[in-house]
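Everything in the sequence shown is counted per the numbering used here, starting at 1 for the first residue and increasing by one.
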Amino acid sequence: MHRSSERIGTIAAALARAQAELVNPEKTLTAVIMSPFLREADRTFRYASLASGLDIVRKTLSQQEIATIPTTRTSR
């Protein structure tokens, strides 16, 4: 069974370059978790959307000529 590409070194180098360029997405959204207890304050935190993270990943990977292919196959 063939388990890896014959060009695994090229692919690994491109992934390493992409990884070095990846940045965290900006946390532009805010969530509030309401406390069920009267004596405790609500908790607020900021987060980034999944879409903003995926945009960064796709852009960075494409600069290294790496494509992602979504799949609908699931394993059971």
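C-beta atoms are modelled at their ideal positions from N, C-alpha and C, and glycine is treated no differently.
Nearest residue (CA-CA) to PHE45, options ALA14, PRO25, LEU29, ASN24: Translated into positions along the sequence shown, residue 45 becomes position 45. Comparing Cα-Cα distances from PHE45 to each of ALA14, PRO25, LEU29, ASN24, the minimum goes to LEU29.
Straight-line Cα distance separating GLU21 from THR60: Locating residue 60 in the sequence shown gives position 60, counting from the first residue. Locating residue 21 in the sequence shown gives position 21, counting from the first residue. Each residue's CA atom was taken as its position, placing THR60 and GLU21 some 7 angstroms apart.
Cβ pair ALA18, ILE66 closer than 8 angstroms: Here residue 18 corresponds to residue number 18 of the sequence shown, with the count starting at 1. Here residue 66 corresponds to residue number 66 of the sequence shown, with the count starting at 1. Result yes, Cβ atoms of ALA18 and ILE66 sit closer than 8 angstroms.
Spatially closest choice to TYR47 from THR68, ARG7, ALA31, THR10, by CA coordinates: Residue mapping note: residue 47 aligns to position 47 of the sequence shown, counting from 1. The candidate whose alpha carbon is nearest that of TYR47 is ALA31.
Rounded distance between the beta-carbons of GLU26 and SER62, thought under 8 angstroms: Position 62 of the sequence shown, counted from the start, is the residue given in the question as residue 62. Position 26 of the sequence shown, counted from the start, is the residue given in the question as residue 26. About 20 angstroms separates the two Cβ atoms, so there is no contact after all.
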